[in-house]
Amino acid sequence: MKSAMSLRVRMMLLFCVAVGVLLAGSYTAFYLALRSVVHSQFNQRLMEAEAPVSADLQTDADNEDIVAMDIPGEYFEVLDAGGRAVALSKNLAGHVIGIPARAANLQTVNDPKLGQLRLGLAMIHRASGDQLLILAMPTGDVEQILTRFRALLFILFPFSLLIMGVLSAWYVGRSLKPIAALTRETSQMAERVKVAAPGGMPARETLQPLPLAAANRDDELGRLAEAFNKLFEGMEGALTQLRQFVSDASHELRTPLSVLQGETELLLKEPRAPQEYQRALEVIDSELKKLSRIVEGLFTLAMADAGQLRLLREPLYLNEVLEEACTLATPRARTKGIAIERQLARDVPYVGDETFLRQLFLIFLDNAVKYSRPQSRIRVGLASVNGNFEVEFDDQGAGISPKHLPHIFERFYRVTQADAPEAQSGGLGLAIAQAIVGAQGGAIRCASKSGEGSKFVISLPRTSESGQPQS
Ligand code: ADP
């Protein structure tokens with residue numbers, strides 16, 4: 091509220107200063123233009139009044155006409171070459187108007203008796219010698235008009251500024267109202283989230299879209315509200331994923347835990363024969379291995395999410411790591427009578443993390459073995475394509491239908507039923523594979539046909555000695 095107030099005051103001040111400067115500038119310009127017009131009209135009038143008199147005097151031998159003149163607001167004076175007054179109009183009543191300079195045709199003087207006068211000077215050429223005719227007209231009326239006008243502007247200026255201030259206060263207030271409403275809405279939402287889930291995940295209904303977006307969709311504030319809504323939507327999506335992940339993870343952990351619990355409870359109930367202990371321990375061992383695989387997988391994914399998956403940069407030969415992974419997968423493949431055929435380029439140098447790469451290759455080999463029918467073959471290839479290294483796993487297994495294909499890299503996503511024997515690995519394999527390949531700057535492609543087999547291609551960028559992908 092405080093910052094909205096200060097923003098309002100700042101906007102108003104800026105508006106008033108800008109309008110004030112503009113008004114002052116335009117009032118001054120207007121006044122100056124008016125004064126110039128009034129003055130030039132006055133000069134015109136002066137010259138028009140003087141012209142016939144000066145024309146007459148050029149032909150007259152004396153100044154009798156001047157002496158007889160008594161026109162209100164027009165004083166005539168004739169000076170000889172020495173500057174002495176030789177004739178004065180009647181209305182001057184003997185008073186001589188002093189002239190500061192004879193050269194200027196038009197000039198203004200301040201006469202002690204008649205006040206401010208505008209003088210028009212005209213030279214009279216006579217046989218007796220040159221004389222100077224002066225017509226003096228009081229500028230009082232004109233100056234009074236200008237003074238009044240000035241006073242009017244001085245009253246108008248603060249008055250218009252006041253109106254502008256009031257208008258700007260109203261307009262700024264009106265413009266900021268939706269922002270205040272937006273702030274209110276979002277803080278209410280924040281409050282709802284805090285109350286509904288103190289320290290936890292907010293419920294879906296707490297992240298409601300802001301009504302403002304619908305009201306003024308096209309203006310800036312509408313777009314701001316829309317952006318907020320998109321943000322909430324994104325948050326909602328991320329939260330839904332997180333909720334799903336937590337529920338899937340706890341579900342995956344619950345199954346081996348309940349097996350462990352069942353086994354130990356059974357053993358503790360009464361003394362058992364050594365073979366029974368042996369069998370139970372084997373079950374417990376297998377479940378513990380499963381548990382630790384899931385926890386390790388979750389840890390790898392959490393590190394990858396946080397951008398903390400630190401892969402070593404060590405020089406190695408990709409074909410050797412791949413060969414090793416194939417050797418590790420062979421016993422499992424053999425139990426199903428599956429042959430692993432290698433087509434590996436030789437001496438392929440690479441800079442990367444050997445352990446993670448082996449884990450990566452084993453994920454694809456394990457899947458290929460798991461989802462392949464007995465007596466089939468798995469082809470493993472390594473080649474250099476367009477400057478990148480491509481590792482290929484091609485099986486003749488169950489394949490993946492187009493419906494499932496876009497989801498197989500999601501965490502805990504399994505096409506097979508959870509109770510099918512091949513689904514015992516946890517559903518994290520491909521998600522971990524993607525995290526490792528992503529951290530290595532590569533990508534994974536998959537082409538598969540239901541019932542015919544699947545082909546996974548890992549593309550790894552060529553790395554420099556520093557471990558950075560080469561451009
Ligand atoms: P899982 O532990 O279930 O194998 P993954 O993340 O490794 O989890 O794989 C996700 C799903 O993708 C699997 O449940 C499986 O249905 C499918 N899938 C992965 N690899 C293959 C493959 N080579 N052939 C057929 N289906 C596969």
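Every position in the sequence shown, counted from 1, becomes a number in my numbering once 90 is added.
No residue lacks a Cβ here, since even glycine has one placed at the ideal position from N, Cα and C.
query                                                                                                             : result
Span of the alpha helix (DSSP H) around Gln334                                                                    : Glu310 to Lys359
Spatial neighbours of Ala508 in its chain, beta-carbon cut-off 6 Å, leaving aside the 5 residues before and after : Confidence in Ala508 is poor, its pLDDT being 47 and thus under 50, which makes the residue's placement too unreliable to answer from.
Expected contact under 8 Å - CB spacing of Val481 and Leu495 to nearest Å                                         : Not confirmed; about 20 Å, so no contact.
Leu50 vs Phe446 beta-carbon contact at 7 Å                                                                        : Outside the displayed span of the chain (91 to 561) sits residue 50, for which this structure offers no information.
Nearest neighbour of Phe502, chosen from Leu332, Ser250 and Val349 [CA to CA]                                     : Leu332
Buried or exposed by the 16-neighbour rule on C-beta atoms within 10 Å, applied to Glu281                         : exposed
Distance cut-off 6 Å: Leu520 Cβ against heavy atoms of ligand 1                                                   : yes
Val157 in three-state terms, based on DSSP                                                                        : helix
6 Å Cβ shell around Leu178 - same chain, five flanking residues per side excluded                                 : Glu167
Extent of the continuous alpha helix (DSSP H) to which Asn457 belongs                                             : Glu444 to Lys460
Length of the line joining the Cα atoms of Gly519 and Leu381                                                      : 14 Å
Contact check, Asp485 vs Ile468, beta carbons under 7 Å                                                           : yes
Which residues DSSP lists as bridging Asp150, in chain order                                                      : Bridge partners of Asp150: none, in fact.
Whole-angstrom C-beta distance between Glu355 and Ala370, which should lie under 8 Å                              : Not a contact, Cβ separation roughly 10 Å.
Cβ neighbour criterion (16 or more within 10 Å) applied to Thr417                                                 : exposed
Lys426 - DSSP class collapsed to helix/strand/coil                                                                : coil
Rounded straight-line distance, which links the Cα of Ala183 to that of Ala151                                    : 23 Å
Bridge partners - Lys586, DSSP secondary structure assignment                                                     : The structure shown does not extend to residue 586, since the chain is modelled only from 91 to 561, so the question has no answer here.
Contact with chain D by Arg469, beta-carbon distance below 7 Å                                                    : Absent from the structure: chain D. Only one protein chain is present.
For Arg208, the first and last residue of its enclosing beta strand (DSSP E)                                      : Gly205 to Ile214
Residues near Leu412 by beta carbon distance below 7 Å, same chain, minus five either side                        : Leu434, Phe451, Val470, Leu472 and Val481
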